[in-house]
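*Asks:* For the sequence shown, position 216 matches number 211 in the working numbering, and the numbering has no gaps at all.
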Amino acid sequence: MGVVNKLSEIFKALRLAKKFYKAGGCVTANIAYPQYGNILEGRRICVTGGGSGIGLAIAKKFAQCGARVLITGRNEEKLRAAVKEIGSNGFYIVWDVSNVSLAEEKLCDASKILDGNIDILVNNAGLAPSKFWGDVDEIEWDRIYSTNLKGMFFLTQQIVKKWKKLAFSGYKKVINISSQGGFVGATYPYRMVKWDVRGLTEGLGKTLVKDNIIVNAIAPGVVKTSMQEFSLNQGDNLYTNQNPIQRVCLPEEIAELALFLASDASNFIIGQTIVCDGGYILK
Ligand SMILES: NC(=O)c1ccc[n+]([C@@H]2O[C@H](COP(=O)([O-])OP(=O)(O)OC[C@H]3O[C@@H](n4cnc5c(N)ncnc54)[C@H](OP(=O)(O)O)[C@@H]3O)[C@@H](O)[C@H]2O)c1
């Protein structure tokens, strides 16, 4: 029995070593998730693409902090499962943001579900690139631009129209999700869009602050979500050689930054795209 146990331990260690060899290295991380109490109590928040990854982590964090959170996406089954994870402050609506003609109607539905106007919009929905520079065709171009930029633009335009009609009851906020790709040269639509998101954030930040609307963005680096399938396949091993810190980011780390931007602690920050990339864009 002792020999069998020893052998199984050796095989386990070999399997682990093979996994690390395949990944190229092994990294774990200590990450703190401070508790802020109910700092978003009374806030109604919409997170587009909140059914998975970064959006879901943000939705969970915001709900834990007392907000009522509505997530959107195209896949109802995924949204239903996500809402279970979010808990009693979580709601969903099936909504393809690339279908911009739906924005007004869906915003009305959202207000009914949340029992009041949305206070904070997180423009997170996004599709990963499938083609690069020489291989990019019109289909890839339209696919990326329609969700990652057109959807964000028109939804924001629509919600701002509504907000401008309301009496002041605290700042309204927009948080856009850009990418580290928005800070380095772009040769394909996904990266080009992330530059656009930065520009839009800066422009709207400056233009809308006089209407008590604060717009900022987050530029994540490589985050452990289905967009980075390799990182999911590595399990608990966070190693990557794609940035100086040599690890992937957890979606929950992006959620911490989103919480800061959503809270009144960040009200003097206007039109910024805050980079959270493990040092990727540093020269
Ligand atoms: N992971 C990274 O390394 C990384 C790095 C930088 C930036 N980002 C950005 O972070 C955001 C979230 O990505 P993620 O990494 O969390 O990947 P993800 O898990 O794939 O999340 C993307 C979400 O967007 C939703 N979505 C896609 N198209 C949509 C549409 N037309 N309408 C509504 N919802 C739509 C998807 O749900 P359905 O399929 O159900 O619609 C999905 O839940 C994206 O904007 C991405 O570009 C990610």
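We treat Cβ as the ideally placed atom computed from N, Cα and C, and that holds for glycine.
#1: Inspect the beta-carbon positions of residue 159 and residue 209 and report whether they are closer than 7 angstroms.
#2: Just to confirm the assignment, what range does the alpha helix (DSSP H) spanning residue 115 have?
#3: Under 8 angstroms: do the segment 90 to 100 and the segment 177 to 197 share three or more Cβ pairs, one atom per stretch?
#4: So, for residue 261: in the same chain, excluding its five sequence neighbours on each side, which residues have a beta-carbon less than 6 angstroms away from its beta-carbon?
#5: Would you tell me roughly how many angstroms separate the C-alpha atoms of residue 57 and residue 248, rounded to the nearest one?
#6: Reducing DSSP to helix, strand and coil, say where residue 253 ends up.
#7: Check whether the Cβ of residue 68 lies closer than 6 angstroms to any heavy atom of ligand 1, and answer yes or no.
#8: Which residues in the same chain as residue 106 place their Cβ atom closer than 6 angstroms to its Cβ, once the five residues preceding and following it in sequence are excluded?
#9: By the three-class DSSP mapping on this structure, what secondary structure does residue 233 have?
#10: Sorted by chain position, which residues of the same chain lie with C-beta nearer than 7 angstroms to residue 188's C-beta, five sequence neighbours on each side aside?
#11: Pull up the distance between the alpha-carbon of residue 104 and that of residue 7, whole angstroms please.
#12: Below 7 angstroms between beta carbons: does that hold for residue 153 and residue 275?
#13: Give the secondary structure of residue 186 by DSSP, where H, G and I count as helix, E and B as strand, and everything else as coil.
#14: Tell me whether residue 187, by its Cβ, gets closer than 6 angstroms to a heavy atom of ligand 2.
#15: Taking all protein chains shown into account, decide if residue 185 is buried (16 or more other Cβ within 10 angstroms of its Cβ) or exposed.
*Replies:* Let me spell this out:
#1: no
#2: Note, residue 115: premise wrong, no alpha helix (DSSP H); beta strand (DSSP E) at 115 to 118.
#3: no
#4: Once the five neighbours on either side are set aside, the close Cβ partners of residue 261 are 255.
#5: The alpha-carbon separation between residue 57 and residue 248 amounts to approximately 13 angstroms.
#6: helix
#7: Indeed, a heavy atom of ligand 1 lies less than 6 angstroms from the Cβ.
#8: The residues are 112.
#9: coil
#10: The beta carbon of residue 188 sits closer than 7 angstroms to those of 139, 140, 143 and 144, all from its chain and outside the five residues before and after it, given in chain order.
#11: 52 angstroms
#12: no
#13: helix
#14: Ligand 2 is not part of this structure, which contains only ligand 1.
#15: buried
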